[in-house]
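First the structure, in the form of structure tokens, and then the observations on it.
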Amino acid sequence: MEQDTFTVLVTGANSGLGYAICCRLIDEFLHTRPQSQNLHILFSTRDQRKSEATRKRLHGHLQKTLRNINDSTHGKISLLLESRVKIEGVLVDLTKLITVKALAQSLVRRGQRLDAAICNAGVAGWLGTNWVKAIPEVITGLIEATTAPEFMICDVGLLAKPQGTLSGKRDGKGGEEEPTLGQVFLSNVFGHYMLVHWLSPVLDGNSRVIWISSVSALENLFSRQDLQGLRSDRAYESSKRLTDLLVLTSDLPSTTPFTSTFWAQDSSQASTTKTKAEARPKMYLTHPGVIQTSIADLNPIMSFFMLLSLYYARLLGSPWHPISPYKGAISAVYAALSPTSQLPGQEEMDGKGKWGSSTDVFGGERVARTEVDGWGFAGVVGRIPTGSVAGKMGRRKGWREMTGERREEFEVEGREVWRDMERLRVEWEGRLGEVEVGKGEDV
Ligand SMILES: NC(=O)c1ccc[n+]([C@@H]2O[C@H](COP(=O)([O-])OP(=O)(O)OC[C@H]3O[C@@H](n4cnc5c(N)ncnc54)[C@H](OP(=O)(O)O)[C@@H]3O)[C@@H](O)[C@H]2O)c1
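Position one of the sequence shown corresponds to residue 1358 (our numbering), numbered consecutively onward.
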């Protein structure tokens, strides 16, 4: 029987959501895909030690899944199933663009077509917790405080290390200064943006690019005048709102002048039978809800109290508290694996959406559309497709009714950020052109 392989790249896979996405991909693939299909997971970490440790843990997870399948089928089909999963580590540090380019080039060189790329890696850029703000916020509104906290202290203006481009020597001797890049912006958005662009030759019209956003990506926390969030005290949320704007407007005709230069295959390999737009990969927007991971960098005692408050928020009826990373991974895995008739079909029929991992009070998880400021559930005023988390519980502080005017503003802003990002990409590609790519393989 001819074997066909589903290949997926997951960034930031050594912990939290990224690791859980890999585990869930293995489980759902083995349970839903026919014997004739194999899964190839390319998981990324920042160094060899993390890569090896993650590879071992993922193999451990695969063995556990196989044992469960054996137990439930009273058989020994694990040998057959095991050979269907290949787990391979790759290295990349998104704050070092040269390593991003090196990863993309090595996959392109080996002709590694990707079915899905999951842009998961990210940082919060927080210095700690402002307890004076946190305590009243938690007491007066636990759900809001644990969904979109205003009490985390942002490391305002946090910069990534210089990229070391040749023209960017900071020697004060007349060399052109390398422009700065915000660390949160670079890790969460721009590093992935460049990665996907450089991966274009191995992505086609059937490939999916899955972005991870957040329920805390509120409209007022992003300003186009501060694209990288360097002046913002909510740089993390700013990066996630930017992600929402980019992905939700990525299929609109108004962004085509920019998306067509972003998707390199538009000019190189668009087939004659398909239009350029059809030959492009699709971008999907997801978020995990609120999950307990190391992103907030809390000490063990605070982590324990945080966990208790997350469960309490769920008990109070919050739809966005999956808490466990595995449950939080459901939306990204759905976006990667669901057949064309499901997620792509739903977006085709009802409009592009933000797909979140939602749970009921007992922790039963499902994928649900999330309301986005200015876009609504599907980019159409008044349209609330079945399965959306509608109503008060799904809304954040400062929520405003969606109107035709706000929908228009969202699209205009989306087009502008596409233009800004493309401009930045072209500038950085020019600068990086001077750096030897081979150097980047050592992250
Ligand atoms: N936790 C939540 O409630 C929540 C809610 C909404 C969205 N999210 C999103 O979920 C994603 C994963 O976060 P998490 O909660 O799972 O946090 P996490 O446990 O801290 O995982 C973050 C992962 O990203 C990697 N990473 C960070 N910066 C990187 C860089 N510059 N280059 C390459 N890899 C990098 C980390 O690698 P190292 O170990 O090497 O640092 C780690 O593997 C993020 O995009 C986050 O914004 C999380």
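Each residue gets a CB set at the ideal place from its N, CA and C atoms; glycine is no exception.
Here's the rule: buried if 16 or more other CB atoms are within 10 angstroms of the residue's CB, otherwise exposed. What is Lys1709? Buried, because 16 or more other Cβ atoms sit within 10 Å of the Cβ of Lys1709.
Within the present structure, is the beta-carbon of Thr1402 separated from the nearest heavy atom of ligand 1 by less than 7 Å? It does: the Cβ of Thr1402 is within 7 Å (strictly closer) of some heavy atom of ligand 1.
Pull up the DSSP beta-bridge partners for Trp1712, would you. Under DSSP, the beta-bridge partners assigned to Trp1712 are Thr1643 and Arg1726.
Should Ile1652 be counted as a contact of ligand 3 given a C-beta to heavy atom distance under 7 Å? Judged by which ligands are present, ligand 3 is missing from the structure shown, whose ligands are ligand 1.
Below-8 Å beta-carbon distance, Leu1538 vs any chain C residue: Considering every chain present, this structure includes no chain C. It has just one protein chain.
Contact under 8 Å by Cβ, Asn1371 with Thr1422: Judged by beta-carbon spacing, Thr1422 lies beyond the 8 Å limit of Asn1371, meaning their Cβ atoms are not closer than that value.
In three-state DSSP terms, what is Ser1628? The pLDDT assigned to Ser1628 is 47, lower than 50, so where the model puts this residue is not dependable; a value taken from the coordinates is nonetheless given after this. Coil at Ser1628, not helix or strand.
Inspect the beta-carbon positions of Leu1499 and Ser1666 and report whether they are closer than 8 Å. Yes, the Cβ-Cβ distance between Leu1499 and Ser1666 is below 8 Å.
Distance, Trp1732 Cα to Gly1771 Cα: Roughly 11 Å separates the two Cα atoms.
Considering only heavy atoms of ligand 1, does any lie closer than 7 Å to the CB of Lys1518? Taking 7 Å as the cut-off, one finds no heavy atom of ligand 1 near enough to the beta carbon of Lys1518.
Tell me, please, which residues DSSP counts as bridged to Met1509. Thr1486.
What are the complete beta strand (DSSP E) segments, minimum 3 residues, inside the segment 1415–1453? Runs found: 1442–1448.
Just list the residues that DSSP pairs Ala1621 with in beta bridges. None; Ala1621 has no bridge partner.
Anyone know if the C-beta pair for Pro1679 and Ser1714 falls short of 8 Å? Closer than 8 Å, so yes.
Using a Cβ-based criterion (distance less than 7 Å to any ligand heavy atom), does Leu1374 qualify as near ligand 1? Under cutoff, so the answer is yes.
Within this structure, are the beta carbons of Arg1726 and Ser1745 separated by less than 8 Å? Taking 8 Å as the Cβ cut-off, Arg1726 and Ser1745 qualify as a contacting pair.
Which value, in whole angstroms, describes the spacing of the CA atoms of Asp1730 and Glu1762? Their backbone Cα atoms lie some 12 Å apart in a straight line.
Quick check on the DSSP output: the alpha helix (DSSP H) that includes Ile1503 runs from which residue to which? Looking at the sequence shown, residue 1503 is not Ile but Thr. That run of the alpha helix (DSSP H) goes Leu1499 to Thr1504.
Buried or exposed (CB count within 10 angstroms, at least 16 for buried), Ser1628: Low per-residue confidence applies at Ser1628: pLDDT is 47, beneath 50, and the placement is therefore not dependable, though the value from the model is reported in the following sentence. Residue burial is scored here from C-beta neighbours: Ser1628 has fewer than 16 other C-beta atoms within 10 angstroms and is therefore classed as exposed.
Could you pull out every residue in the same chain whose Cβ sits closer than 6 Å to the Cβ of Ala1621, ignoring the five residues on either side in sequence? Within the same chain, and ignoring the five residues on either side of Ala1621 in sequence, the residues whose Cβ sits closer than 6 Å to its Cβ are Ser1557.
According to DSSP, simplified to helix, strand and coil, what is Ala1693? In the three-state scheme derived from DSSP, where H, G and I count as helix and E and B as strand, Ala1693 is classed as helix.
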